[in-house]
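Chemist:
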Amino acid sequence: MPDRRIGVFLCHCGSNIAGVVDIEQISIAVQDLPDVKHVSDYKYVCSKPGQQTIKDSIKKHNLNGIVIASCSPRMHEPTFRQVLRETGLNPYLLEIANIREHVSWIHADDPAAATEKAIDLVKMAIARARLLEPLVEPEVSIKKSSLVIGAGIAGISAALDLANAGFKVYLVEREPSVGGKMSRWDKTFPTLDCSSCILTPRMAEVSNHENITLLTMAEVEQVDGFVGNFQVKIKQKPRYVDIEKCTSCGDCSDICPVDIPAEFEAYLSYRKAIYIPFAQAVPSSYLLDMENCLGVDAVRCGKCKVVCEAEAINYDDHENIIEIEVGTIIVSTGFELFDATEKQEYGYGRYPNVVNLGEVERMLNSAGPTQGHIVRPSDLKKPNKIVYIQCVGSRDELTNKYCSRICCMTAIKQARMIVDKTDMKVYIFYIDLRTFGKGYEEFYESTAQAGVTFIRGRVGEITQDDETNVLTVRGEDTLLGKPIELDDVGLVVLSTGVVAPESTKKVAHALNLSLSPDGFLLEAHPKLRPVDSFNDGIFVAGMAQGPKDIPDTVAQAKAAASGAMALMGKGKISVEPYYSVVDEDKCAGCQVCISVCPYNAVTLNERNHAEVNPALCKGCGTCTSTCASGAISSQHYTDGQISAMIEEYLSVHEESQ
54 MPDRRIGVFL CHCGSNIAGV VDIEQISIAV QDLPDVKHVS DYKYVCSKPG
104 QQTIKDSIKK HNLNGIVIAS CSPRMHEPTF RQVLRETGLN PYLLEIANIR
154 EHVSWIHADD PAAATEKAID LVKMAIARAR LLEPLVEPEV SIKKSSLVIG
204 AGIAGISAAL DLANAGFKVY LVEREPSVGG KMSRWDKTFP TLDCSSCILT
254 PRMAEVSNHE NITLLTMAEV EQVDGFVGNF QVKIKQKPRY VDIEKCTSCG
304 DCSDICPVDI PAEFEAYLSY RKAIYIPFAQ AVPSSYLLDM ENCLGVDAVR
354 CGKCKVVCEA EAINYDDHEN IIEIEVGTII VSTGFELFDA TEKQEYGYGR
404 YPNVVNLGEV ERMLNSAGPT QGHIVRPSDL KKPNKIVYIQ CVGSRDELTN
454 KYCSRICCMT AIKQARMIVD KTDMKVYIFY IDLRTFGKGY EEFYESTAQA
504 GVTFIRGRVG EITQDDETNV LTVRGEDTLL GKPIELDDVG LVVLSTGVVA
554 PESTKKVAHA LNLSLSPDGF LLEAHPKLRP VDSFNDGIFV AGMAQGPKDI
604 PDTVAQAKAA ASGAMALMGK GKISVEPYYS VVDEDKCAGC QVCISVCPYN
654 AVTLNERNHA EVNPALCKGC GTCTSTCASG AISSQHYTDG QISAMIEEYL
704 SVHEESQ
């Protein structure tokens, strides 16, 4: 490397920096430092004129090291790297001193101290810039296939977008049928469109699409590899019914003597040990619940196989392990409803006529357990009064602090459907009504005009007459400022919030993804990268990332699919060269680095030495700091570079003392 010729560019960022920090003082402090050949300042260095100033200065002064004092490198480091590329400089001969977030924004009350700190940071950046080395970005090829985990409306939407663009898709669903929670919902808000009418054509499309391989009753067990080259191991449970042979005639179910509460019907009705989850299920095939089957031999039962004319039933079916290779992964594992038994004061699980939103959805569905009629579970009679209680398991310090976003509108939708069809009186106790979407506020207003009574306040107590199972609801009307009591209540509906399912946590572990404090998958940036994970090539969509309604879920699924397409469409991607490197002459093969790497980037090679996969390594430095023999170093963040920055700071402040 020739002698270092460093250019320093100071950004005003309008008044964000210059309104606090004395830019001229920084310029004076660094202009005579060794290797500094040029210092200039500009109002907005990131602007096109500002970028041109850097380009012109590089050419005029023959600069081969650049220091920019500006905002966080998270904002414009890619911009400035491109400037270096366009002038023929290696983009990694750049150092950014953050004098906005780290100085002016947090020390606005003390400009003198802020200026002194900014000078320190720029001097330290110059010290590091002297030792920067040109780096080469390795290229990684990308397989043009994608794995979508979870086949609710998010997974279905993402899979279809990818498949229609010509990419191979593996769609994995842990349930016997695709469709997710939306397949159980009767209507969508605010238009009251038939949920099944919207969803089932898309369910059939994923089943028949030539570019989609559908794997139901399957879960991702293990994921290895890196962006563009993921090796995935999938475990598929036995169905005991051949989906290619099954005609869905139902003869097997008709003869089955076993009755089990049906999961799909929110346990409000029964199914057989051999069953199809619902009429429009995809695959359109029965399956055998072996845990509840009386027995497959003729002595104990075995009747289903005898009556199956298609010979689709196979008692010897077994678990399969499927291994695939994909370039990208989309996680859309959905949600579960909050377990209302955790809120004992509402009596869920103790009082038969206290139910949740999911159970009422199945009652309202004409294909559901009550053929569309709202009934009391205790005696199947029509209730006179129905009371909804909002925010059960949401916006609650004792359970979940977040808003679940769909509960208010689901309750309003159900209440509207009930008052439109019946003469029942419906009351909704709420804290705040969150009607945030397009047409939602208008739907709420029309529902109130249709006869639903909204009461602002919390319910404090629910009691039950043990002879009649009739409920009494006591609460507070905060608008009137007085207590309220509703008696002769036939049904209490808890507007339960949503929570991340256990399957999300399992997938997060397999993919090494981060979870937010509330248990949902954590996105890389809530504003700028809302569907990206911290792992390149892995995207999140739908309720797996956090509570949202159907339109937002579909929009996010399409965004995730677009992100995956953008990667796979390139064929190759460049990887930032921040990865660690191993000096095999020093490596003892102790494997400590392997145990501490959070990205599984370090392995042991055939020579019993550590080896780093550049595509997986994020340059975090954990392995470097734990290596007892000093065999590992981090490119672009070497010990020498970091030591030079520390020494620069200490030399200045030791002199002042």
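In our numbering, the protein residues as written are 54 to 710.
Beta carbons are placed, not taken as given, at the ideal position from N, Cα and C, and that holds for glycine.
Bear in mind that the values here come from a model prediction, so they are computed numbers and not experimental data.
1) When the Cα atoms are used, what is the spatial distance from residue 403 to residue 159?
2) Give every residue of the same chain whose Cβ lies closer than 6 Å to the Cβ of residue 442, excluding the five residues on either side of it in the sequence, and list them in chain order.
3) Nearest by alpha-carbon distance to residue 244: which of 497, 545, 622, 616 is it?
4) Can you say whether residue 433 is buried or exposed, counting buried as having 16 or more other CB atoms within 10 angstroms of its CB?
5) In this structure, how does DSSP classify residue 20 when only helix, strand and coil are distinguished?
6) Between 576, 281, 301, 346, which lies nearest to residue 198 when the distance is taken from Cα to Cα?
7) Take residue 674 and list the residues in its own chain whose beta-carbon comes closer than 7 Å to its own, dropping the five residues that flank it on each side.
8) Within 10 Å of its beta-carbon, does residue 115 have 16 or more other beta-carbons around it, so buried, or fewer, so exposed?
9) Given that a residue counts as buried once 16 or more other Cβ atoms are within 10 Å of its Cβ, and exposed if not, what is residue 149?
10) Kindly indicate which three-state DSSP category residue 563 falls into: helix, strand or coil?
11) Given this structure, state the Cα-to-Cα distance separating residue 662 from residue 669, to the nearest angstrom.
12) Identify, in the order they occur along the chain, each residue of the same chain with its Cβ nearer than 6 Å to the Cβ of residue 478, setting aside the five sequence neighbours on each side.
13) Could you tell me the distance, in whole angstroms, from the CA atom of residue 302 to the CA atom of residue 327?
14) For residue 516, write down the residues that DSSP places opposite it in a beta bridge.
15) So what does DSSP say about residue 117, is it helix, strand or coil?
16) Which residue comes first and which comes last in the beta strand (DSSP E) that contains residue 321?
17) With a threshold of 8 Å, are at least 3 pairs of Cβ atoms found where one atom belongs to the segment 228 to 246 and the other to the segment 640 to 647?
18) Exposed or buried, which one is residue 660 when buried takes at least 16 other CB atoms within 10 Å?
19) Could you check which residue in 236, 138, 238 has the C-alpha nearest to that of residue 190?
20) According to DSSP, is residue 679 part of a helix, a strand, or is it coil?
21) Am I right that residue 375 and residue 289 are in contact with their C-beta atoms under 8 Å? What's the rounded C-beta distance?
22) Can you tell me which of the three DSSP states residue 443 falls into?
23) Quick check on the DSSP output: what are the complete alpha helix (DSSP H) runs of length 4 or more inside the segment 452 to 496, in order along the chain?
24) Please identify the residue among 414, 297, 180, 210 whose C-alpha is closest to the C-alpha of residue 363.
25) Roughly how far, in whole angstroms, is the beta-carbon of residue 168 from the beta-carbon of residue 75, given that I think they are within contact range, below 8 Å?
26) For the segment 343 to 355 against the segment 248 to 261, do three or more pairs of beta-carbon atoms, one drawn from each stretch, fall closer than 8 Å, so that the two count as touching?
27) For the beta strand (DSSP E) that residue 711 lies in, which residues bound it at each end?
28) Would residue 196 pass as a contact of residue 378 if the rule is Cβ separation under 8 Å?
29) Would you say residue 563 and residue 275 are within 8 Å of each other, going by their C-beta atoms?
30) Would you mind working out which of 98, 83, 384 sits nearest residue 92, comparing C-alpha positions?
31) For the 8 Å Cβ check, are there 3 or more pairs between the segment 512 to 532 and the segment 625 to 632?
32) Buried or exposed for residue 181, going by 16 or more other Cβ atoms inside 10 Å?
33) Label residue 178 either buried or exposed according to how many other C-beta atoms from any shown protein chain fall within 10 Å of its C-beta, with 16 as the threshold for buried.
34) Whose C-alpha, out of 550, 484, 558, is nearest the C-alpha of residue 530?
35) Mind checking residue 385: buried by the 16 CB within 10 Å criterion, or exposed?
36) Any heavy atom of the ligand ZN inside 7 Å of the beta-carbon of residue 277?
Modeler: Let me spell this out:
1) In the sequence shown, counting from the first residue as 1, residue 403 sits at position 350. In the sequence shown, counting from the first residue as 1, residue 159 sits at position 106. Cα to Cα, residue 403 sits roughly 54 Å from residue 159.
2) In the sequence shown, the residue the question calls residue 442 occupies position 389. Around residue 442: 482, 512, 547.
3) As a working mapping, residue 244 is identified with position 191 in the sequence shown. Of the listed residues, the one whose Cα sits closest to residue 244 is 497.
4) Residue mapping note: residue 433 aligns to position 380 of the sequence shown, counting from 1. Per the 10 Å Cβ criterion, exposed.
5) Only positions 54 to 710 of the chain appear in this structure, which leaves residue 20 out of reach.
6) By one-based count along the sequence shown, residue 198 stands at place 145. Nearest of 576, 281, 301, 346 to residue 198, Cα basis: 281.
7) Here residue 674 refers to the residue found at position 621 when the sequence shown is read from its first residue. Here the set comprises 687, 690.
8) Along the sequence shown, read from residue 1 onward, the residue named residue 115 stands at position 62. Flag for residue 115 reads exposed.
9) What you label residue 149 is simply residue 96 of the sequence shown in a count that begins at 1. Label assigned to residue 149: buried.
10) As a position in the sequence shown, residue 563 is number 510, starting the count at 1. Three-state result, residue 563: helix.
11) If you number the sequence shown from 1, residue 662 lands on position 609. If you number the sequence shown from 1, residue 669 lands on position 616. Going from the Cα of residue 662 to the Cα of residue 669 covers about 18 Å.
12) The sequence position of residue 478 within the sequence shown is 425, counting from 1. Taken in chain order, the residues that qualify are 438.
13) Here residue 302 refers to the residue found at position 249 of the sequence shown. Here residue 327 refers to the residue found at position 274 of the sequence shown. Roughly 12 Å separates the two Cα atoms.
14) Your numbering for residue 516 matches position 463 in the sequence shown. DSSP, once it has assigned bridges, lists 525 as partnering residue 516.
15) Looking up residue 117 in the sequence shown gives position 64. Coil, per DSSP.
16) Here residue 321 corresponds to residue number 268 of the sequence shown, with the count starting at 1. Unbroken run through residue 321: none, as it is neither H nor E.
17) no
18) In the sequence shown, counting from the first residue as 1, residue 660 sits at position 607. Residue 660 should be labelled exposed.
19) On the sequence shown, residue 190 is found 137 positions in, with the first residue counted as 1. Closest by alpha carbon: 138.
20) On the sequence shown, residue 679 is found 626 positions in, with the first residue counted as 1. Looking at residue 679 - three-state DSSP - the assignment turns out to be helix.
21) Here residue 375 corresponds to residue number 322 of the sequence shown, with the count starting at 1. Here residue 289 corresponds to residue number 236 of the sequence shown, with the count starting at 1. Going by Cβ atoms, the distance from residue 375 to residue 289 rounds to 6 Å, so yes, they are a contact pair.
22) For this step, residue 443 is matched to residue 390 along the sequence shown. If DSSP states are grouped into helix, strand and coil, residue 443 belongs with the strands.
23) 460 to 474
24) Here residue 363 is taken as the residue at index 310 of the sequence shown, counted from 1. Here the closest residue by C-alpha is 297.
25) Taking the first residue of the sequence shown as position 1, residue 168 is located at position 115. Taking the first residue of the sequence shown as position 1, residue 75 is located at position 22. That pair is a contact at about 4 Å.
26) no
27) This structure does not reach residue 711, given that the chain is present from 54 up to 710, and the question cannot be answered.
28) Position 143 of the sequence shown holds residue 196. Position 325 of the sequence shown holds residue 378. Yes, Cβ-Cβ distance for residue 196 and residue 378 is below 8 Å.
29) Translated into positions along the sequence shown, residue 563 becomes position 510. Translated into positions along the sequence shown, residue 275 becomes position 222. It is a contact, given that the beta carbons lie within the stated cut-off.
30) Translated into positions along the sequence shown, residue 92 becomes position 39. Nearest of 98, 83, 384 to residue 92, Cα basis: 83.
31) no
32) Within the sequence shown, residue 181 is the residue found at index 128, counting from 1. The residue in question, residue 181, is buried, as its Cβ has 16 or more Cβ neighbours within 10 Å.
33) Looking up residue 178 in the sequence shown gives position 125. That one is buried.
34) Position 477 of the sequence shown, counting from 1, holds the residue named residue 530. When each option's Cα is compared against that of residue 530, the closest is 484.
35) As a first step, residue 385 is located in the sequence shown; it is residue number 332 there, counting from the start. That one is buried.
36) Ligands are entirely absent from the displayed structure, and the ligand ZN is therefore not among its contents.
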